[in-house]
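So the structure is just underneath, and the comments pick up after that.
Numbering (the numbering used here), first residue to last: 773 to 1178.
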């Protein structure tokens, strides 16, 4: 298949967002009109939410129309799933922004719900083509290719997908296929990948005794995709989030690490916290969870006092991003900050220096801080006032940009 030149949505030349965090950046901004996207998931990996999130957010944010072809869940079950993730599918159905192509209810002996009803999988082509014509410029979600393979066979399914893709291109429809990869032959999987414009694989990786869910773009006809493997988790409500297993917050004592951690992760708890009249600093660990702009992260704040230095290296182990919090009014602590960067072994991971207490009159500027710290690399220094809630989003955006290029 020839490479497709991004032509946007057929009217303004813009790519159409998937609304999956980081995925749009990996695809150069989104999907050209009329293209197809296949999500291939290993059994046990959460997958249907990807298709649901794309169509839900496009209907909500872009006023698009679309449909869901289902052969695995009844429309009622899908509506409940949408509600669980925080998307009001019912309002879209009632306003005719969305509808179902129901191929499961009749086979289960239940009343069919949907604009189109399929009694036999072999009748799918004509019905789905009519549905595609109804949503010109919109989005179609087809769930699940595995059911079609098992019901009508390998060759018939591939031919069906090819003809549906042609119809989608004629109508500037993005067609999103969901596929659970059971024990099918590799030759089938390769042929399936060949007939779609883009493939995203969903799988799990083992981290010690913990399994993490991952997505990766393995094919795109309109851009050379980034090869990153992206951890993800699914929030209820919320949908797909890029998951960061460990973000580190470190820095000299009394710089505001605990306040910063609480500010970016509201549910933070301080473990073994002791407050003294003269030195109300954290002598334990701050632990919280962050949900921000499509990212979900576990946040760990380290103690800043020197007597806890032996804890820094194990606490920082496996962190994939770090905030170094400093007191902008105390340049004499900058040497300590650099030493903590070394002890936490954060030289090799993305990091941002949070120049806290910028609300004070004697706070140094980022330029002055950079000169005094004489860092060995170009580490972003973000002016922040945790007290006034200023600069927090900038610090988060900067670190996530370093980590994922967003």
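Backbone N, C-alpha and C define an ideal beta-carbon position, used for all residues, glycine too.
Pairwise C-alpha distance: residue j and residue i
i            : j            : result
residue 1141 : residue 949  : 51 Å
residue 1032 : residue 1171 : 14 Å
residue 1164 : residue 861  : 33 Å
residue 810  : residue 991  : 10 Å
residue 1122 : residue 1074 : 17 Å
residue 823  : residue 913  : 6 Å
residue 1068 : residue 921  : 35 Å
residue 888  : residue 1016 : 41 Å
residue 1168 : residue 1022 : 15 Å
residue 1135 : residue 1057 : 27 Å
residue 884  : residue 875  : 8 Å
residue 947  : residue 1019 : 36 Å
residue 1066 : residue 1035 : 17 Å
residue 847  : residue 1139 : 57 Å
residue 837  : residue 1095 : 42 Å
residue 832  : residue 859  : 9 Å
residue 1109 : residue 1161 : 22 Å
residue 1120 : residue 1111 : 14 Å
residue 762  : residue 956  : The question about residue 762 has no answer here: the residues shown for the chain are numbered 773 through 1178.
residue 1050 : residue 1026 : At residue 1050 the pLDDT is 40, less than 50, meaning the model places this residue with poor confidence and gives no usable figure here.
residue 873  : residue 891  : 11 Å
residue 1041 : residue 857  : 26 Å
residue 1059 : residue 1039 : 8 Å
residue 716  : residue 1097 : Given a span of 773 to 1178 for the chain in the structure shown, any question on residue 716 remains unanswerable.
residue 1177 : residue 966  : 28 Å
Beta-carbon separation (whole angstroms), residue i vs residue j, contact threshold 8 Å
i            : j            : result
residue 951  : residue 813  : 7 Å
residue 1107 : residue 1125 : No, residue 1107 and residue 1125 are not in contact; Cβ-Cβ is about 14 Å, not under 8 Å.
residue 968  : residue 975  : So it is not a contact: roughly 18 Å between Cβ atoms.
residue 790  : residue 796  : 6 Å
residue 959  : residue 910  : Their Cβ separation, rounded to whole angstroms, is 33 Å, which puts residue 959 and residue 910 out of contact at 8 Å.
residue 1062 : residue 1037 : 4 Å
residue 930  : residue 964  : 7 Å
residue 801  : residue 839  : Residue 801 to residue 839, Cβ: 24 Å. No contact.
residue 1115 : residue 1085 : 6 Å
Environment of residue i [buried if 16+ CB atoms lie within 10 Å]
i            : result
residue 994  : buried
residue 1001 : exposed
residue 970  : buried
residue 849  : exposed
residue 1024 : buried
residue 1144 : exposed
residue 1175 : buried
residue 886  : buried
residue 804  : buried
residue 1029 : buried
residue 867  : exposed
residue 937  : buried
residue 1099 : buried
residue 769  : Nothing can be reported for residue 769: it is not among the residues displayed for the chain, which extend from 773 to 1178.
residue 788  : buried
residue 807  : buried
residue 851  : buried
residue 830  : buried
residue 743  : With the chain covering 773 to 1178 only, the question about residue 743 has no answer from this structure.
Chain-order list of residues whose beta-carbon lies under 8 Å from that of residue i (same chain, five-residue window excluded)
i            : result
residue 1157 : 1128, 1129, 1130, 1131 and 1163
residue 1101 : 1129, 1132, 1134, 1135 and 1136
Own chain residues within Cβ distance below 6 Å of residue i, not counting five before or after
i            : result
residue 989  : 798, 972 and 997
residue 932  : 897
residue 977  : 984 and 986
residue 939  : 901 and 904
residue 893  : 923 and 924
residue 853  : none
residue 1155 : 1127, 1130, 1138 and 1163
residue 1047 : Note that residue 1047 scores 43 on pLDDT, short of 50, meaning its location in the model is unreliable and no value can be drawn from it.
Close-in-space but distant-in-sequence residues of the same chain around residue i (CB under 7 Å, 5 per side omitted)
i            : result
residue 1012 : 792, 793, 821, 822, 825, 1004 and 1006
residue 919  : 843 and 844
residue 1159 : 1131
residue 905  : 943
residue 916  : 843, 844, 950, 951 and 952
residue 899  : 873, 888 and 890
Original post:
Considering only residues of the stretch 1059-1139, which uninterrupted beta strand (DSSP E) runs meet the minimum length of 3 residues and lie entirely inside it, listed in chain order?
Top reply: Fully enclosed beta strand (DSSP E) runs of 3 or longer: 1067-1073, 1093-1099 and 1123-1128.
Original post:
What are the start and end residues of each continuous beta strand (DSSP E) run of 3 or more residues lying completely inside the stretch 851-937, in chain order?
Top reply: DSSP runs (the beta strand (DSSP E)) wholly in the stretch 851-937: 870-874 and 911-915.
Subject >> Completely contained beta strand (DSSP E) runs for the stretch 954-1010, where each covers 3 or more residues >> reply: Secondary structure remark: continuous beta strand (DSSP E) runs of at least 3 residues inside the stretch 954-1010, in chain order: 970-979, 982-992 and 1002-1007.
**OP:** Could you name each continuous beta strand (DSSP E) segment of 3 residues or more that falls completely within the stretch 775-834, going from the start of the chain to the end?
**Re:** Within the stretch 775-834, the complete beta strand (DSSP E) runs of at least 3 residues are 808-813.
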